[in-house]
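Q: In the order they appear, the protein sequences are chains V and E. Under our numbering, the first residue of the first sequence is numbered 164, with each subsequent residue one higher. Under our numbering, the first residue of the second sequence is numbered 31, with each subsequent residue one higher. Glycine residues also receive a C-beta, built at the ideal position from the N, C-alpha and C atoms. A single structure is presented below for examination.
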Amino acid sequence: MKERSWLLAKKRGDHRTDSRLVGLIAEFSFAGFCILAGVVGLLWLWSFYVLPELRIHERYEKTICELVDCRVSPRTVLGNRPILDEDKDDFRFNGDGEAFNRTEFGNKGNRTSLNEEESGFSFAEDEMNAPDGKNQSDGEGNRTGKERERLSSGKDSVHRSVFGVKNLTNLGDMYYLPEMQLKYHVDGVERTNWTSSFGSITRSSRFSTEESAKEFLELFCIGKKYYCLFNPEAPDEVVIMRGWQLENFFALIIPISLFFIGVGIGIHALTVPRLGGSKEKTAVLTAGRRVLDGENVAQWEFPNLPRIDEITDSPGVRLAYRLPMIDSPAWALCILVILTLAWNAGCLVFLTIAACSFLLTFADWMMLAYLLPFLCVGIWLLVFTFTRLRNATAVGPTLVEIESFPILPGKPVSLFLSQGGVKPLQWLNVVLVCEEEAVFTHGTNTRRERQRIYQRLIFGEEAIEVAPERAFEVMFPLEIPHGAMHSFISPRNQIYWRIIIQGKLVHYPMFERSFPLVVYPDISVEEEKK
Amino acid sequence: MISSIIIQFDRQPHEFQPLETITGTFRLVDVDLEEVSQIEFSTLWFTEGKGDEDLGIVFFTELDRMNGLLRKMPERAVNEEDAAGRMTVQAQPEGNYVLPNQEEADGRSFRFSVKLPASPLSYLGKILKIHWCVRVRLFRKNGREVKSERMFQVGKVPQVQVDLN
Numbered sequence: 164m165k166e167r168s169w170l171l172a173k174k175r176g177d178h179r180t181d182s183r184l185v186g187l188i189a190e191f192s193f194a195g196f197c198i199l200a201g202v203v204g205l206l207w208l209w210s211f212y213v214l215p216e217l218r219i220h221e222r223y224e225k226t227i228c229e230l231v232d233c234r235v236s237p238r239t240v241l242g243n244r245p246i247l248d249e250d251k252d253d254f255r256f257n258g259d260g261e262a263f264n265r266t267e268f269g270n271k272g273n274r275t276s277l278n279e280e281e282s283g284f285s286f287a288e289d290e291m292n293a294p295d296g297k298n299q300s301d302g303e304g305n306r307t308g309k310e311r312e313r314l315s316s317g318k319d320s321v322h323r324s325v326f327g328v329k330n331l332t333n334l335g336d337m338y339y340l341p342e343m344q345l346k347y348h349v350d351g352v353e354r355t356n357w358t359s360s361f362g363s364i365t366r367s368s369r370f371s372t373e374e375s376a377k378e379f380l381e382l383f384c385i386g387k388k389y390y391c392l393f394n395p396e397a398p399d400e401v402v403i404m405r406g407w408q409l410e411n412f413f414a415l416i417i418p419i420s421l422f423f424i425g426v427g428i429g430i431h432a433l434t435v436p437r438l439g440g441s442k443e444k445t446a447v448l449t450a451g452r453r454v455l456d457g458e459n460v461a462q463w464e465f466p467n468l469p470r471i472d473e474i475t476d477s478p479g480v481r482l483a484y485r486l487p488m489i490d491s492p493a494w495a496l497c498i499l500v501i502l503t504l505a506w507n508a509g510c511l512v513f514l515t516i517a518a519c520s521f522l523l524t525f526a527d528w529m530m531l532a533y534l535l536p537f538l539c540v541g542i543w544l545l546v547f548t549f550t551r552l553r554n555a556t557a558v559g560p561t562l563v564e565i566e567s568f569p570i571l572p573g574k575p576v577s578l579f580l581s582q583g584g585v586k587p588l589q590w591l592n593v594v595l596v597c598e599e600e601a602v603f604t605h606g607t608n609t610r611r612e613r614q615r616i617y618q619r620l621i622f623g624e625e626a627i628e629v630a631p632e633r634a635f636e637v638m639f640p641l642e643i644p645h646g647a648m649h650s651f652i653s654p655r656n657q658i659y660w661r662i663i664i665q666g667k668l669v670h671y672p673m674f675e676r677s678f679p680l681v682v683y684p685d686i687s688v689e690e691e692k693k
Numbered sequence: 031m032i033s034s035i036i037i038q039f040d041r042q043p044h045e046f047q048p049l050e051t052i053t054g055t056f057r058l059v060d061v062d063l064e065e066v067s068q069i070e071f072s073t074l075w076f077t078e079g080k081g082d083e084d085l086g087i088v089f090f091t092e093l094d095r096m097n098g099l100l101r102k103m104p105e106r107a108v109n110e111e112d113a114a115g116r117m118t119v120q121a122q123p124e125g126n127y128v129l130p131n132q133e134e135a136d137g138r139s140f141r142f143s144v145k146l147p148a149s150p151l152s153y154l155g156k157i158l159k160i161h162w163c164v165r166v167r168l169f170r171k172n173g174r175e176v177k178s179e180r181m182f183q184v185g186k187v188p189q190v191q192v193d194l195n
């Protein structure tokens, strides 16, 4: 079989194809790019979108305006306004873009035959009024209902002109700007101005088609009064009020995220030693400076053993410590009960609605049909939850107490078991087990595997009488085999010892409850050997 | 020139008990000290098997020119004269250490001493194994690296035979 190139081969462990230095430079470059992009993006968004938005709401004054007129202006993405060429009956673009002045446009507009009489929604007039959207004379744009109808129908010169534009701008750099003429009063002076800003002075509402721009304008009624905001320092700047432009604030998430990604990569590149380092050094740095400074880790009494204080914090009645039960079904049962109740409550609401439809209005068979599978699931959940609850409550509490900790291999300790309940037990076993557990990544998944390496029945009895007032109690010795491995815990590997209580009630399924043990290495024996 | 690192324990076989101190030497073979930027010495355990690798560092130290450990030993540092005029070997410090071997003056031999912790013991299980080793990494100035390790056993846990009686 032909060997794959080293460059294409899958890298595992320490193997790598590039140099550490190049990797570090690339990592810092990427971090720098992310930070720079984040800062620039943040400044840009803040300066051009968020800050003006805040200014509107903080500095602009609120007043009532009257909507005088509406129109749709075709624009290009570059800001150029299309101009109709008189010879070709088509648009061409003015290179001056937004600096396009009224006189020039008026002249060109006159050369086109798109006058107001012909179109009713005159592009020439609109553009003549529109360049900066300011200082329009009163009454200039008063539209009649007939004009608005023509605006909506699209059967006007603008519509025809737009087709001309489309022919010329198939690249998609065309958009349509709905504009409104507002009449409002500032210090007793009546002002009438065009605006394309709806809630923001930084950005106009843009539409890709003329129809959608018109549909947007139809949301407003000419002659009706609206709230608007004007700049007290430049009263001709007016914005029709539509609340906050929240998308500007949400957009801030992008540069902020980029910034923090860059900072994170930078910190990672700085803290994890790459040049001259190793995984041992990385592990040491992760664990803390103690090892690096030469302090012996062995000073910690038993490294990599499970914490014993979590087991010994509960005193027993008969013996010294009561062992905590692991994998208790209580939480799972609680969640199951909540889920069952919520599901069936939802079903009940819809069932009531469906039933009302039968009684009050018309029979909603469709709703009932849709509801049927949900009802079946609800019934199954009820049965399942009830069975689980019944099984859990039928088996009484299991208490396991131990004489002493730590447990050492070859040194017997006493164990006390108390099994409560209301029903007799068919059988009851106490099993000592030792298992290895390994967590490993398989592709992008993290998997866990257990291997039982030791299992020994240390107590077993059949036909046990259990009464509510008299739990079954027994004391027996527990001995970890001599030379056995101690408990061990590390981030991805474990060796654990457990006591497992298995039993079966008459007419009930088998139950199983686990209790942890912590087994220590027997150092005294090792020291004697020395 | 193929560089290598030879690690040797003072005691054979390489079986130690918890809390025991391991001592030994490591020697750089065919190494030009001028080309060496740093040496890392570590005593550690690591897992092997089905799960991803975990490792625990018991002792870690770096030898470089900054801490003065990576250089030729001056003659007077190797031996000292006692009051009677006899040459004596300098006393070793207590605790964990890695120091230039005073018995060899070429600066390529080092002695180490590390006290082991109480756990974990060496273990050969079914899906999990725990190994102990002394590991030395040598970093050259050109970025290349030479690694050597010597395994040893801590405790005496027999190899696991699954027992599910």
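Taking just the CA atoms, how far does P48 (chain E) sit from L591 (chain V)?
A: As a position in the first sequence, residue 591 (chain V) is number 428, starting the count at 1. As a position in the second sequence, residue 48 (chain E) is number 18, starting the count at 1. So the alpha carbons of these two residues sit roughly 39 angstroms apart.
Q: From which residue to which residue does the beta strand (DSSP E) around I608 (chain V) run?
A: Within the first sequence, numbered from 1, the residue matching residue 608 (chain V) stands at position 445. Going by the sequence as given, residue 608 (chain V) is Asn instead of Ile. Segment 608-627, the beta strand (DSSP E) holding N608 (chain V).
Q: Between the segment 598-620 of chain V and chain E, which residues of the former have CB atoms less than 7 angstroms from a CB of the latter, in chain order?
A: Against chain E - using a Cβ distance shorter than 7 angstroms - the residues of the segment 598-620 of chain V are E599, A601, V602, F603, T604, E612, Q614, R615, I616, Y617, Q618, R619.
Q: To the nearest angstrom, how far is it from the Cα of M530 (chain V) to the Cα of F547 (chain V)?
A: Taking the first sequence and counting its residues from 1, one reaches residue 530 (chain V) at position 367. Taking the first sequence and counting its residues from 1, one reaches residue 547 (chain V) at position 384. Each residue's alpha carbon lies about 26 angstroms from the other.
Q: Looking only at DSSP bridge pairs, what is Q665 (chain V) linked to?
A: Residue 665 (chain V) sits at position 502 when you count from the first residue of the first sequence. According to DSSP, Q665 (chain V) bridges with V:N592, V:E675.
Q: Counting only the same chain and skipping the five closest in sequence on each side, list residues whose C-beta sits under 7 angstroms from that of D527 (chain V).
A: By 1-based counting over the first sequence, the position of residue 527 (chain V) is 364. The residues are A517, S520.
Q: Could you spell out the range, first to last residue, of the beta strand (DSSP E) harbouring C391 (chain V)?
A: In the first sequence, the residue the question calls residue 391 (chain V) occupies position 228. C391 (chain V) -> beta strand (DSSP E) spans 388-393.
Q: Assess contact between the segment 612-627 of chain V and the segment 534-550 of chain V, defined as three or more Cβ pairs (one per stretch) separated by less than 8 angstroms. Is contact present?
A: With a cut-off of 8 angstroms, the segment 534-550 of chain V and the segment 612-627 of chain V do not count as touching, because too few Cβ pairs lie within range.
Q: Please identify the residue among E:V166, E:I160, E:S33, E:D62 whose C-alpha is closest to the C-alpha of F140 (chain E).
A: Along the second sequence, read from residue 1 onward, the residue named residue 140 (chain E) stands at position 110. Checked all of E:V166, E:I160, E:S33, E:D62; the closest Cα to F140 (chain E) is E:V166.
Q: Keeping to the same chain, check which residues put their C-beta closer than 6 angstroms to that of Q665 (chain V); ignore five residues upstream and five downstream.
A: In the first sequence, the residue the question calls residue 665 (chain V) occupies position 502. If we look at Q665 (chain V) and ignore the five residues flanking it on each side, its Cβ neighbours are N592, E675.
Q: What is the rounded straight-line gap between the Cα of G173 (chain E) and the Cα of F191 (chain V)?
A: By one-based count along the second sequence, residue 173 (chain E) stands at place 143. By one-based count along the first sequence, residue 191 (chain V) stands at place 28. Taking the straight line from one Cα to the other gives about 19 angstroms.
Q: Find the nearest neighbour of I565 (chain V) within the set V:C539, V:I471, V:C384, V:L382, judged by alpha-carbon distance.
A: Taking the first residue of the first sequence as position 1, residue 565 (chain V) is located at position 402. Per the Cα distances, V:I471.
Q: Could you work out which residues of chain V lie near S72 (chain E), taking near to mean beta carbons separated by less than 7 angstroms?
A: The count along the second sequence starts at 1 and reaches residue 72 (chain E) at position 42. Those within 7 angstroms of S72 (chain E) in chain V are E443.
Q: Note down, in chain order, each residue of its chain lying with its Cβ closer than 6 angstroms to the Cβ of I87 (chain E), except the 5 sequence neighbours on either side.
A: Taking the second sequence and counting its residues from 1, the one referred to as residue 87 (chain E) is at position 57. The residues are S72, L74.
Q: Since S446 (chain V) meets chain E, which of its residues come closer than 7 angstroms, beta carbon to beta carbon?
A: One-based indexing of the first sequence puts residue 446 (chain V) at position 283. It should be pointed out that residue 446 (chain V) corresponds to Ala in this sequence rather than to Ser. Per Cβ cutoff of 7 angstroms: L85, I87.
Q: Provide the residue(s) that pair with Q344 (chain V) in DSSP beta bridges, ordered along the chain.
A: Counting from 1 along the first sequence, the entry for residue 344 (chain V) is found at position 181. Answer is V:D232, V:W357.
Q: Starting from the Cα of C597 (chain V), find the closest Cα among E:L168, E:K156, E:E179 and give me that residue.
A: Counted from its first residue, the first sequence places residue 597 (chain V) at position 434. C597 (chain V) has its Cα closest to that of E:K156, out of E:L168, E:K156, E:E179.
Q: Under 7 angstroms Cβ-Cβ, which residues of chain E neighbour N592 (chain V)?
A: For the purposes of this step, residue 592 (chain V) is taken as the residue at position 429 of the first sequence. None at all; the shortest Cβ gap to chain E is about 13 angstroms.
Q: Smallest Cα separation from F90 (chain E): which of V:S677, V:V447, V:F513, V:R553?
A: Here residue 90 (chain E) refers to the residue found at position 60 of the second sequence. The option with the nearest alpha carbon to F90 (chain E) is V:V447.
Q: Please state whether the Cβ-Cβ distance between F46 (chain E) and V190 (chain E) is less than 8 angstroms.
A: What you label residue 46 (chain E) is simply residue 16 of the second sequence in a count that begins at 1. What you label residue 190 (chain E) is simply residue 160 of the second sequence in a count that begins at 1. No; because the gap between Cβ atoms is not below 8 angstroms, this pair is not in contact.
Q: Of the choices V:T550, V:L514, V:L523, whose alpha-carbon is the least far from that of C539 (chain V)?
A: Taking the first sequence and counting its residues from 1, one reaches residue 539 (chain V) at position 376. Considering only alpha carbons, the answer is V:L514.
Q: Indicate the three-state DSSP secondary structure (helix, strand or coil) for F465 (chain V) in the structure shown.
A: Numbered from 1 along the first sequence, position 302 holds the residue referred to as residue 465 (chain V). Residue state, collapsed to three classes: coil.
Q: Which residues in chain V sit within 8 angstroms of R141 (chain E), going by Cβ to Cβ distance?
A: Locating residue 141 (chain E) in the second sequence gives position 111, where the first residue counts as 1. Simply none; closest approach about 15 angstroms.
Q: Is the separation between the beta-carbon of R369 (chain V) and that of L340 (chain V) shorter than 8 angstroms?
A: Here residue 369 (chain V) refers to the residue found at position 206 when the first sequence is read from its first residue. Here residue 340 (chain V) refers to the residue found at position 177 when the first sequence is read from its first residue. A contact, by the Cβ cut-off of 8 angstroms.
Q: Under the rule that 16 or more other beta-carbon atoms within 10 Å means buried, what is P560 (chain V), buried or exposed?
A: Position 397 of the first sequence holds residue 560 (chain V). Its Cβ having fewer than 16 others within 10 Å, P560 (chain V) is exposed.
Q: At a Cβ threshold of 8 angstroms, is H135 (chain V) touching chain E?
A: This structure cannot settle anything about residue 135 (chain V), because the visible part of chain V is limited to 164 through 693.
Q: F3 (chain E) lies in the beta strand (DSSP E); which residues open and close that run?
A: Here chain E has residues from 31 to 195 only, and residue 3 (chain E) is not among them.
Q: Roughly how many whole angstroms lie between the Cα atoms of L93 (chain E) and L214 (chain V)?
A: Residue 93 (chain E) sits at position 63 when you count from the first residue of the second sequence. Residue 214 (chain V) sits at position 51 when you count from the first residue of the first sequence. Going by the C-alpha atoms only, they are around 56 angstroms apart.
Q: Of all the CB atoms in chain V, is at least one closer than 8 angstroms to the CB of V187 (chain E)?
A: As a first step, residue 187 (chain E) is located in the second sequence; it is residue number 157 there, counting from the start. Yes, V187 (chain E) lies at the interface with chain V (some Cβ there is under 8 angstroms from its Cβ).
Q: Nearest to L168 (chain E) by CA position, among E:M96, E:K145, E:E65, is which residue?
A: Numbered from its first residue, the second sequence carries residue 168 (chain E) at position 138. It is E:E65 whose Cα lies nearest to the Cα of L168 (chain E).
Q: Answer with yes or no whether the minimum CB distance from G173 (chain E) to chain V is below 8 angstroms.
A: Within the second sequence, the letter at position 143 stands for residue 173 (chain E). Taking Cβ atoms only, chain V reaches closer than 8 angstroms to G173 (chain E), which makes this a yes.
Q: From the beta carbon of I570 (chain V), is the nearest beta carbon of chain E less than 8 angstroms away?
A: Indexing the first sequence from 1 puts residue 570 (chain V) at position 407. No, because no Cβ of chain E sits closer than 8 angstroms to the Cβ of I570 (chain V).
Q: Check whether the Cβ of I663 (chain V) lies closer than 8 angstroms to any Cβ atom in chain E.
A: Residue mapping note: residue 663 (chain V) aligns to position 500 of the first sequence, counting from 1. Closer than 8 angstroms: no.
Q: Quick one: list the residues of chain E neighbouring I686 (chain V), beta-carbon separation under 7 angstroms, in chain order.
A: In the first sequence, residue 686 (chain V) corresponds to position 523, counting from 1. Under the 7 angstroms cutoff, chain E gives P48, L49, A148.
Q: State the DSSP-derived secondary structure class of E224 (chain V), mapped to helix, strand or coil.
A: Residue 224 (chain V) sits at position 61 when you count from the first residue of the first sequence. Note: E224 (chain V) maps to strand in three-state DSSP.
Q: Less than 8 angstroms between the beta carbons of L641 (chain V) and V594 (chain V), yes or no?
A: Your numbering for residue 641 (chain V) matches position 478 in the first sequence. Your numbering for residue 594 (chain V) matches position 431 in the first sequence. The answer is no: Cβ separation not under 8 angstroms.
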